[in-house]
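The structure appears below as structure tokens.
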């Protein structure tokens, strides 16, 4: 016998907001990758500082550029994978599965992270090789993600949402 419960509207709103957060963060990561690929000079100079003379002789400037670009893309893909985990966690909370309460806490942690990052957007300085339009659109995206994440955390913290997460359906033998 299945346990059918009425899903509170705040839980549905929380999921919708988290899906928008994930979409916005994915967009931010795409902008981040593009900006990083346009500005590999800084990564190359850091790599040169950390490498020995022998290692530098083995790598051409083109190879160093490829390695720097690959590291930017790899870091972006890791961030996107983390956002996949956030989306899966939001779905777990929405479905009211066994770990829904832990999912709600996990999402609250990420909301705090996005809120803090949103505050620091104003402190970031753009580098000369990144187009100003890209930096502006990326900053706006980060601010929207921060606002949506805070709203999602507020809806997820409402009494109905907390009760939804705490009362998991009874498991049939």
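Numbering (our numbering), first residue to last: 10 to 182. Cβ coordinates follow ideal geometry from the N, Cα and C atoms, glycine included.
With DSSP run on the structure shown, which of helix, strand or coil describes residue i?
i	result
residue 66	helix
residue 169	helix
residue 106	coil
residue 15	coil
residue 139	coil
residue 80	helix
residue 61	coil
residue 96	helix
residue 134	coil
residue 176	coil
Using the C-alpha atoms, what's the distance from residue j back to residue i?
i	j	result
residue 63	residue 69	12 Å
residue 139	residue 145	10 Å
residue 161	residue 59	42 Å
residue 121	residue 159	7 Å
residue 41	residue 15	40 Å
residue 61	residue 73	14 Å
residue 125	residue 66	42 Å
residue 19	residue 167	7 Å
residue 110	residue 174	5 Å
residue 54	residue 80	14 Å
residue 91	residue 143	23 Å
residue 37	residue 98	20 Å
residue 21	residue 157	14 Å
Please classify residue i: is it buried, with 16 or more other beta-carbons within 10 angstroms of its beta-carbon, or exposed?
i	result
residue 101	buried
residue 170	buried
residue 164	buried
residue 34	buried
residue 128	exposed
residue 133	exposed
residue 118	exposed
residue 113	buried
residue 26	buried
residue 23	buried
residue 50	exposed
residue 86	exposed
residue 141	exposed
Under DSSP, the alpha helix (DSSP H) around residue i begins and ends at which residues?
i	result
residue 41	18 to 47
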